[in-house]
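Protein chains: 2
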Amino acid sequence: MDSELRLTIARLARRMRQERAEADLGPSQLGVLIALAVRGPQTLGELSTHERVTAPSMNRTVNLLEASGLLARAASPFDGRKVIIDLTDAGHALVDETKRRRDAWFAERLSSLSDHERAVLDAALPVLRKLAEE
Amino acid sequence: MDSELRLTIARLARRMRQERAEADLGPSQLGVLIALAVRGPQTLGELSTHERVTAPSMNRTVNLLEASGLLARAASPFDGRKVIIDLTDAGHALVDETKRRRDAWFAERLSSLSDHERAVLDAALPVLRKLAEE
DNA sequence: GCTAACGAATTAGCTTGGCTAAAGACTGGG
DNA sequence: CCCAGTCTTTAGCCAAGCTAATTCGTTAGC
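Chains as they are written, first to last, in my numbering: chain A, 1 to 134; chain B, 1001 to 1134.
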């Protein structure tokens, strides 16, 4: 029963992840761009902590995105060791486009539900959010 | 709002996937083992279709798992081109342990919820299941 | 104010796991 | 028996994870 819920969530998320596509970015690169869009400019260390990845891994992903012109590095004015990373305009545009497409896909799935079913999901959202807390 | 739900589910599943058996398997390898546990012995083609990966990718993952003794290949008795892949005892044991850990993790998360919140999740389960349908 | 310790980012080298292209192995229809 | 189609495998590319070690800037102790 509990395990049934767990498996269902896993299956749903799996379907969702497979729905990727859009730009020719991998999920990691997209994840970084989205983190920057949601949380604003951050250091490499903050990014790697949030994405649960080591600093060297994050550094490489950031290199690729920088080479693609989707984000930019800037030295921190307070601490010369740190590097502040932020989206470029192109990066913002790509995140917006991706969000639009994924929302559309999800809305399409939701449209197969009844009003009552949607209300049930709406009620479950805060609980799911609580489960997902760090 | 819709996109909040989508993002929350993704985050929850992401957190869940981090719970796995001690063995140092990547998520893909674990995914293959779980698919075999749930759906039974399958050909390489069936596996790659189900995991939404190309046959060469699946072939390599299967090679690693075979080298670790977690699954075994056998020729199909009906069609010499096909290869039937199935879990070994060690593979079954590893899947069981992973399931045990994930269930325990999830139960732990659920225990922080009130009875009402659990009831809300219970009501949402069939709806989530519907969303997750293929 | 020097120096040693510490912290943040980076580089180097390894591994997994995607992909495409192409080759082998086998089947089945004509 | 051949030929076209199907399934698996090999080869080679690239993204993205890791650890270990390096570089460079900061901070603390003396």
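Glycine residues also receive a C-beta, built at the ideal position from the N, C-alpha and C atoms.
Is the Cβ-Cβ distance between residue i and residue j less than 8 Å?
i: arginine 1118 of chain B; j: leucine 1125 of chain B; result: no
i: proline 41 of chain A; j: aspartate 86 of chain A; result: yes
i: leucine 1047 of chain B; j: alanine 1035 of chain B; result: yes
i: leucine 12 of chain A; j: leucine 1131 of chain B; result: yes
i: aspartate 90 of chain A; j: leucine 64 of chain A; result: In the sequence as presented, aspartate is not what sits at residue 90 of chain A; that position holds alanine. No, these two residues do not count as a Cβ contact at 8 Å.
i: arginine 1102 of chain B; j: arginine 6 of chain A; result: yes
i: proline 1027 of chain B; j: arginine 1017 of chain B; result: yes
i: alanine 1123 of chain B; j: aspartate 2 of chain A; result: no
Taking the C-alpha atoms as reference points, what is the distance between residue i and residue j?
i: leucine 1094 of chain B; j: leucine 128 of chain A; result: 28 Å
i: alanine 1072 of chain B; j: arginine 1014 of chain B; result: 29 Å
i: arginine 52 of chain A; j: alanine 67 of chain A; result: 23 Å
i: leucine 121 of chain A; j: lysine 1082 of chain B; result: 43 Å
i: alanine 55 of chain A; j: glycine 1080 of chain B; result: 48 Å
i: alanine 10 of chain A; j: threonine 98 of chain A; result: 22 Å
i: glutamate 133 of chain A; j: valine 1032 of chain B; result: 28 Å
i: threonine 49 of chain A; j: serine 57 of chain A; result: 11 Å
i: threonine 1008 of chain B; j: leucine 113 of chain A; result: 19 Å
i: leucine 25 of chain A; j: proline 1077 of chain B; result: 42 Å
Quick one: what's got a C-beta closer than 6 Å to residue i's C-beta in the same chain, skipping five residues either side?
i: alanine 1074 of chain B; result: Ile1084
i: tryptophan 1105 of chain B; result: Glu1019
Got a sec? Which residues, its chain only, sit under 7 Å from residue i by beta carbon, not counting five neighbours each side?
i: asparagine 59 of chain A; result: Leu44
i: aspartate 1115 of chain B; result: none
i: threonine 1061 of chain B; result: Ser1028, Gln1029 and Val1032
Helix or strand or just coil, what does DSSP make of residue i?
i: aspartate 86 of chain A; result: strand
i: threonine 1049 of chain B; result: helix
i: alanine 1132 of chain B; result: coil
i: valine 73 of chain A; result: Note that residue 73 of chain A is arginine in the sequence shown here, rather than valine. Arginine 73 of chain A falls in the strand class under three-state DSSP.
i: threonine 54 of chain A; result: coil
i: glutamine 958 of chain B; result: This structure does not reach residue 958 of chain B, given that chain B is present from 1001 up to 1134, and the question cannot be answered.
i: glutamate 66 of chain A; result: helix
Residues in the same chain with beta-carbon distance under 8 Å from residue i, minus the five sequence neighbours each way, listed in chain order, please.
i: valine 88 of chain A; result: Here residue 88 of chain A turns out to be threonine, not valine, going by the sequence shown. Once the five neighbours on either side are set aside, the close Cβ partners of threonine 88 of chain A are Gly69, Leu70, Leu71 and Ala72.
i: arginine 92 of chain A; result: What sits at residue 92 of chain A in the sequence shown is histidine, not arginine. Correct list, in chain order: Ala37.
i: arginine 1100 of chain B; result: none
i: glutamate 4 of chain A; result: none
Alpha helix (DSSP H) runs contained entirely in the segment 1086–1116 of chain B, provided each spans 4 or more residues: 1089–1110
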